[in-house]
Structure formats: C-alpha cells, structure tokens
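Reviewing the structure listed below.
Shown next as structure tokens:
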C-alpha cells in the first residue's frame, strides 16, 4: 500500500478539564475523498485544526505526504489547502485581492496568481463580486472565496471544514464537480459535514468521530454495512430518544 | 425587567474577570485610579468648604460641568462596550420603555458610574454651607448622575449609527480627530487668556455663571443659586436640569426603540476601486503582499485609519499648543516629532492583534515569521516615514531652524525606527488585544489596556536606551554645535536600521515557533 496522504497518529488535545480529542488516529489514502462525520462538539474542528497547524496538539503527530505538520510545518503546509470554519478572513480586501494575497503568501509567481484567481472566481460564480469587499459577502459567498483561497496553489491535499454550509445548490454543484475533478486527477480531500446524503453522494471514504475518538473508519460501503449512512451514524453515536411527554406544551392543538 | 438586566450586567462583569487574568489587572488599575481621584475630590471638597466657602458655588458648577463633558468624551472614546447593545434585544418581544430603567442602572454599574456617584456624594461636603443648599444639592445628585450617563449614551448612540456605514465612519473619525486637536488648542488658548487676564476670578465667575444656566452645569447651578438666596434663578435652573434629563431620557428611548426594530449593522461599503498601483509598486512576494494588505487596511479599516491619523496629529497638537502659548523655542520644538515614535511603537506591537483570527491565513499558508514582521513594518513605514520627515521639516520651517533639521531628522527617524523594531519584536511575544473590526474604532478591548501597559513597560526602556545616541547627538547639536546634527542623522538611521533588523529576526523567529499560540491569544474576544 502506498503512503497515506494525511496520517494522524494518536492525537490528543484537552481544554482544561475537557478532553476534546483522545488518541485519534486516521489514515487518508491518496485519491480518496473522506467525509468526517460527528455530532456537534465531537472534536471534528479540533482534529482538523491540529492536522493543519492551527492548534498545537498535546500529543501525537500529523503527517502530510510524509512531512510532519509540527516539525516541518512549511513543507507540510505547502502541500495542503485548508478551508477553516468559523474563522475570520481579511475581510477588508475584495475577493480578488484576498485571492491574490493568499497566492502571494504561498510564494507563488505573480502571473500564476493572476491567471488562477480569474479562473477560480469565474468557476465559483464570484466574478461579479470580485471587487466587492469580503466583509459585504453573504455566508455562502464567504465559503466560496475561502474555498478558492484553499485551491489557488494547487495543493495535493484539501482539508475543508463544512464546505457546503450556506452554499446555494448551483454553487454547491460547481464545488462538487471541482472536488470530483480534483480527486479524479489524484488529489485527496478531507471534508467535514453534517449532511449524510451529501457525504454519501460524493465521498468514497467515511470516518465517524464522537467524543474525540474514531468510532468507524473505512470505505463508504464498509462503514454503511448495508444500511443507510444516517441509520449507521445514529447506531454508532447513539440516538437521543425523546419521551412521549417531552415538549408537550409545544403542540399547539 | 430592571433586576434582570442589572443581574445580566453583573454576571457579564463577573465572567469576564474569571476568564482572563488581564481583566483582573485592568480592574485593579481602574479601581486604584478611581480611588485616588476620589481621595483627591474628598481633600479638595473639605479644603474648599473650610478654606473658601464663598467660592463653593463657582467651583462646583465648573466641576460638575467637567464631569458631564467627561462622560460624553468618554463615550466617544470607548464606545466599544456593546455588551448590552440594544440590538441584542431585537428578537425579544420587549418595548424600549421596559428596557430603559434596567439599562440605565446597568450602565451606572461600572467603575465610572460608581466613581461618579461617589464623587458627587463627596462634593456634598463642600455644599454643606447651609441647610437649604445641602438639601438642594442632595436633591440634584441623582439628576446630575443621570445627566452624565444619559448624555454619554445618547452621544454614543448617535455615533453608533453614523459609524455603521463606511463612508460616514471615515468622515466621523476624521472630524472627531480634528475636534480633539482643536479642543486642545482652544483649551490652551483659554488657559492662556485666563492666566494673562488681570482678574482670574472674574473670568471664572463669568464662565461659571453662564454654565450654571446650561444643561451641562444646571444640576450644580440649582444649589449654587440657593446658596446665594436667589430662589427665582434656582427655580429656572431646576427646570433646565430636569428638562435636560427628560429630553435625554426621551432621546435615548427613541434611539433604543429605533435600534430594536432597525438594528445598527456595520457595513463595509460595497465595491471599492481596487488600486492596482499598490500592487505594482510593491514586490509580488509574501513581504510585499503583507505590506500591500497593511496599506489597504489603513485606508479601509477605521481602526487602522484612526491610528494613522493620530500619528500625524499628535505632534501637530503639541506644535499648536506651543505656538498658542507664545512662540516655539526651536531647540525644544525640534524634538516634538519624537512623539510619533510612541504611536509607531504601539502600531507595531498591536499589529497582530488587529487581525484577530483572520491571522489564521498566515498560519495556514506557512508564511515565515520574518516575512510577516518585515511586511507589516514595510506597510506601516510607507505611510509613517514620510509623516515623520514631514513633521520634522514643518517644525524646522515654523521655527526657522533649518540648521537644526538634520539633528531633528536624526532623532525623530532614529527613534521611530527603534520603536518600530522594538514593537515588532515584542508584539510577537505580547500581541495585546484590540477591538474587533465590528466594534467602534475608538475602543480598546476591555483588557487590552492592561496587557499594553505591560508591553509598554518592557518596550519603553529598550527604546530609550537604543535611541539615546541619536537623541544625545541632537541635543548636543542644539546646545553646542549645529554640525553635530549631521552626525546624529547617520547614527540615528544606523541604530534604527539595526533595531529593525533585530526586531524582524527576533519577532519572526518567535512567530515561527509559536504561531498557534499567538493565534489563540489574539482570537479570543475577551
């Protein structure tokens, strides 16, 4: 088997008394699209932050194509593009300026940056908003410009936290076809989502996280085990059953 | 409702204290400051009552007026405290009328409100010249307190609305800065006039006499009139004072109801003309990109814009006050641009904090710490270096001290460069806290002050020592031989360049080691 593109080994992180991620290990093989699933507060964002160099783990390691994210961050970061969730952007720049900024920070040549920025803006339907300040973008437009920033240096690995959240169906389809093409040409994607149907339709691998641990990890069919992903997810994570009388005052009739 | 809001306010204050030790430091400093002012007030009130009881009305009208104006200025400078902003209640089925009393009480529950109430109470000592005066003063105490708080809230509310859109925010920021400058000048002129006029007391009496009739001083005007036995004046001033409070209360209520249904939302300002000039001039490298971004933010982000304006304006204020107080001594004026180094120091140190968690982009792209430091300095330098030169040339022109220009330039540029290098290095260790871009441009984060003080305590000695050679040579040029200025200039530039080089290396290497920790430190909102 070839070397995994993203390899997490027993990652630990605790915030005060709360253990956010505990002994989490995960391998993502090349050319796969992995959906990272988990309930709210499961540690998905914490895990992705530790894998991308935003949050220093208490223990464990993360490697991107053999480069240690925490020992050789420059090499590791050069190989991945990241769309963080719920993080501010330099929003007093226009969309085009932000893309150019990101490309130049990546050390790309100016000509490449300009050409790719134009293509990316057009592909994501942002060309009309290219000279609008990002602060005036809608939530979906911010997702798209964030994705464009993650793509501009043609990374080998994409780490996307909730890439489809608040994105309209048309742009969503555009993002899907971009990601499919990226994976088809040998790229690797790790994305987190809460929408099971979406993960079933585009991902070929799935990992389910709850309380900072991996509950299931494998190809889509292995994890589903003959059921729908939704049912399997609920079985693994545990359903929170509502009693008969719960919230009875809410029923108006 | 009132109890609920007051409880909410207290809980917010309590939580902020347990979340960050810097808050406790800030609170301790605040309380110590308030206590020392209160002690001063107490001593002054007793002294006044014992030493010069006939001057009590005159002085207290002035003091009360200063209090009211102080609250308004404070509201302009620190409008960032939006923890009880009306918008937060917009989704709840409450009317402004129900919220008003609680919000009013909650606003008074802070160091400022409590200190003001206590000061007003201490002033009662001075008012105790007769029973009638004391009674009138006691009756007017809550009115005075309400006037302070309401005036501050109404002004802050007006400001919030105008600051919400980009264009008016820029205009307001500039106008306010100009007002602040001219207020310094006017104050200085006033002091000059008073000091030079034959009867100091006469001037004060007429000022105090006018203020006592105005909304600002009427609350003290009432007991003042009672003390003089002028019951008609007391009655009219009472009407003015109560009318002011009623009007402010109504205005605040109107603002509140307006903001409940039409929340003030900061907007960016739509499409902008993206100046390609900046991109063409600066190199297409990480350093150049960061510098270009810094330049754009100085124009588009009111917090940065205000810093840039303040840098230029600070020495101008000083030049103005010097001119107003009769002539500019060339030897002394030469060193006025040095004040700009203080701003440079702060801008360089807080540069990371202003980015908040947008800095994640720098961490994710793996940009080197040195490139980050150098890019930020370049962006700041392109704007401020010409300002420093301009200020030095202006001073030379005003004082006709062209012979001393090289000395002045050497001292000012050298110190500014040293400050830039020190700030950029220390900023990587103690990034401080800044208001988030959604908040008003005038505020500091509530605990930013304490951490900035700590950083300043580290940076100030370094800057003083490192810039000493250039400044010493400049002083020698003034008092001894002007040609020494030609030595001060290269010495200042050389030491400054060394400081910048060291600052970029030290700060950059620290960032490379601790990007995630720095990111976490500046991301938190409290």
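Residue numbers (the numbering used here), protein chains in the order written: chain A, 3 to 255; chain B, -18 to 507. Every residue, glycine too, gets a C-beta built ideally from N, C-alpha and C. Computed from a predicted structure; not experimentally measured.
Using 7 Å as the limit for Cβ to Cβ distance, is residue i near chain B?
i: residue 76 of chain A; result: yes
i: residue 35 of chain A; result: no
i: residue 15 of chain A; result: no
i: residue 191 of chain A; result: no
i: residue 79 of chain A; result: yes
i: residue 164 of chain A; result: no
i: residue 91 of chain A; result: yes
i: residue 122 of chain A; result: no
i: residue 86 of chain A; result: yes
i: residue 8 of chain A; result: no
i: residue 167 of chain A; result: no
i: residue 73 of chain A; result: no
i: residue 108 of chain A; result: yes
Using beta-carbon positions only, say whether residue i and residue j come within less than 7 Å of one another.
i: residue 51 of chain A; j: residue 57 of chain A; result: yes
i: residue 234 of chain B; j: residue 81 of chain B; result: yes
i: residue 465 of chain B; j: residue 368 of chain B; result: no
i: residue 38 of chain A; j: residue 150 of chain A; result: no
i: residue 415 of chain B; j: residue 331 of chain B; result: yes
i: residue 97 of chain A; j: residue 141 of chain A; result: no
i: residue 101 of chain B; j: residue 125 of chain B; result: yes
i: residue 105 of chain B; j: residue 19 of chain B; result: no
i: residue 488 of chain B; j: residue 409 of chain B; result: yes
i: residue 477 of chain B; j: residue 398 of chain B; result: yes
i: residue 412 of chain B; j: residue 107 of chain A; result: no
i: residue 103 of chain A; j: residue 274 of chain B; result: yes
i: residue 91 of chain A; j: residue 157 of chain A; result: no
i: residue 322 of chain B; j: residue 396 of chain B; result: yes
i: residue 436 of chain B; j: residue 392 of chain B; result: no
Taking the continuous alpha helix (DSSP H) assigned at residue i, which residues delimit it?
i: residue 235 of chain A; result: 231 to 239
i: residue 82 of chain A; result: Here residue 82 of chain A belongs to no alpha helix (DSSP H); instead the beta strand (DSSP E) covers 82 to 85.
i: residue 550 of chain B; result: Summary: the structure shown does not reach residue 550 of chain B, with chain B confined to residues -18 through 507, and so no result is reported for it.
i: residue 92 of chain B; result: 92 to 108
i: residue 410 of chain B; result: 386 to 410
i: residue 216 of chain B; result: 212 to 242
i: residue 363 of chain B; result: 350 to 380
i: residue 258 of chain B; result: 257 to 262
i: residue 173 of chain A; result: 171 to 186
i: residue 512 of chain B; result: Residue 512 of chain B cannot be examined here, being either before or after the span of chain B that is shown, -18 to 507.
Can you confirm whether residue i, when its beta carbon is compared against all beta carbons of chain A, has any partner nearer than 7 Å?
i: residue 153 of chain B; result: no
i: residue -1 of chain B; result: no
i: residue 274 of chain B; result: yes
i: residue -8 of chain B; result: no
i: residue 412 of chain B; result: no
i: residue 426 of chain B; result: The predicted model places residue 426 of chain B with a pLDDT of 45, which falls under 50 and marks its position as unreliable; any figure quoted below should be read in that light. No - not a single Cβ of chain A is within 7 Å of the one on residue 426 of chain B.
i: residue 211 of chain B; result: no
i: residue 70 of chain B; result: no
i: residue 338 of chain B; result: yes
i: residue 334 of chain B; result: no
i: residue 134 of chain B; result: no
i: residue 219 of chain B; result: no
i: residue 403 of chain B; result: no
i: residue 61 of chain B; result: For residue 61 of chain B, the pLDDT reaches just 48, beneath the cut-off of 50, and the residue's location in the model is therefore unreliable, although a value from the coordinates is still provided. Residue 61 of chain B does not count as touching chain A.
i: residue 289 of chain B; result: no
i: residue 379 of chain B; result: no
i: residue 348 of chain B; result: yes
i: residue 281 of chain B; result: yes
i: residue 345 of chain B; result: yes
i: residue 278 of chain B; result: yes
i: residue 267 of chain B; result: yes
i: residue 497 of chain B; result: yes
Strictly by DSSP, which residues pair up with residue i?
i: residue 336 of chain B; result: According to DSSP, residue 336 of chain B bridges with nothing at all.
i: residue 9 of chain A; result: A:29 and A:65
i: residue 209 of chain A; result: A:38 and A:219
i: residue 70 of chain A; result: A:65
i: residue 16 of chain A; result: A:21
Between which two residues does the beta strand (DSSP E) containing residue i stretch?
i: residue 190 of chain A; result: 190 to 194
i: residue 162 of chain A; result: 159 to 163
Where in the segment 87 to 139 of chain A do unbroken runs of the beta strand (DSSP E), each at least 3 residues long, occur, reported from the N-terminal end onward?
none
Ignoring anything shorter than 4 residues or poking outside the segment -9 to 65 of chain B, list the alpha helix (DSSP H) runs there in chain order.
2 to 32 and 37 to 58
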